[in-house]
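Take 15 as the starting number for the sequence shown in our numbering and just add one per residue.
Glycine is no exception: its CB is placed at the ideal position from the N, C-alpha and C atoms.
A quick note: this is a predicted structure, and the numbers were derived from the prediction, not measured.
Quick notes on the structure that follows.
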Amino acid sequence: MRISLHQRQAQRGMVLLVSLVFLLLLTLIGLSSMQSANLQEKMAGSVSLRNQSFQAAEAALRIGESAVQLDSYSLVVCSGNQCAPPAESTVVSAAGLNSTSGVTWIAAGNGFYGVQNIGTTLTAVNVPSNTSATLYRVTAVGIAGSSRSVLESVYAKF
Numbered sequence: 015m016r017i018s019l020h021q022r023q024a025q026r027g028m029v030l031l032v033s034l035v036f037l038l039l040l041t042l043i044g045l046s047s048m049q050s051a052n053l054q055e056k057m058a059g060s061v062s063l064r065n066q067s068f069q070a071a072e073a074a075l076r077i078g079e080s081a082v083q084l085d086s087y088s089l090v091v092c093s094g095n096q097c098a099p100p101a102e103s104t105v106v107s108a109a110g111l112n113s114t115s116g117v118t119w120i121a122a123g124n125g126f127y128g129v130q131n132i133g134t135t136l137t138a139v140n141v142p143s144n145t146s147a148t149l150y151r152v153t154a155v156g157i158a159g160s161s162r163s164v165l166e167s168v169y170a171k172f
């Protein structure tokens with residue numbers, strides 16, 4: 015079986031076309047995998063920052079609860095809108111008094127905590143029955159990079 019010269023030249027052109035298409039496909043696959051790897055790296059960094067901010071908020075919360083636990087700690091009972099959870103916790107960036115919520119933010123590590131006296135009760139959980147307990151709301155904010163975590167606990171002091 016003999017292949018004519020004309021058929022050989024046509025096949026050579028086809029091989030070039032197929033190899034260029036194959037090269038284009040490999041390039042697209044390579045670019046796609048690079049974008050995927052870049053996205054995964056960003057997600058891993060975001061998870062890491064979120065974890066760091068959460069740990070900072072937990073640490074600030076424990077510091078705030080420890081401050082409330084002291085016998086000498088006292089705070090005026092809040093009233094009206096100042097008894098609501100502090101709305102500025104999502105934007106607070108410096109220690110000090112917030113006039114709207116009445117919360118004094120205190121710097122602690124990579125975050126802040128604020129305490130509110132939300133009154134007394136006779137029905138607090140894990141407190142002996144008919145024992146008056148003062149309830150304190152401790153709000154903590156942890157910041158790491160662009161990530162912010164807000165935690166809150168209610169501490170019953172009796």
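Around Leu111, the same chain offers Thr118 as residues with beta carbons nearer than 7 Å, after the five sequence neighbours per side are excluded. Per DSSP, reduced to three states, the secondary structure at Ala71 is helical.
A distance of 7 Å or more separates the beta carbons of Arg151 and Ile120. For Ala101, the closest C-alpha among the options Val155, Met48, Ser80 and Ser86 is that of Val155.
Scanning Leu89, Arg76 and Val129 for the CA closest to the CA of Ser103 turns up Val129.
The shortest CA-to-CA distance from Tyr169 to any of Met57, Thr134 and Asn144 is the one to Thr134. Assigned with DSSP and collapsed to three states, Ser86 falls in coil, not helix or strand. Listed in chain order, the non-local C-beta contacts of Ile157 below 7 Å within the same chain comprise Ser67, Ala70, Asn124 and Gly125, local neighbours out to five positions each way being set aside. Val141 is positioned such that its CB atom lies closer than 7 Å to that of Phe172.
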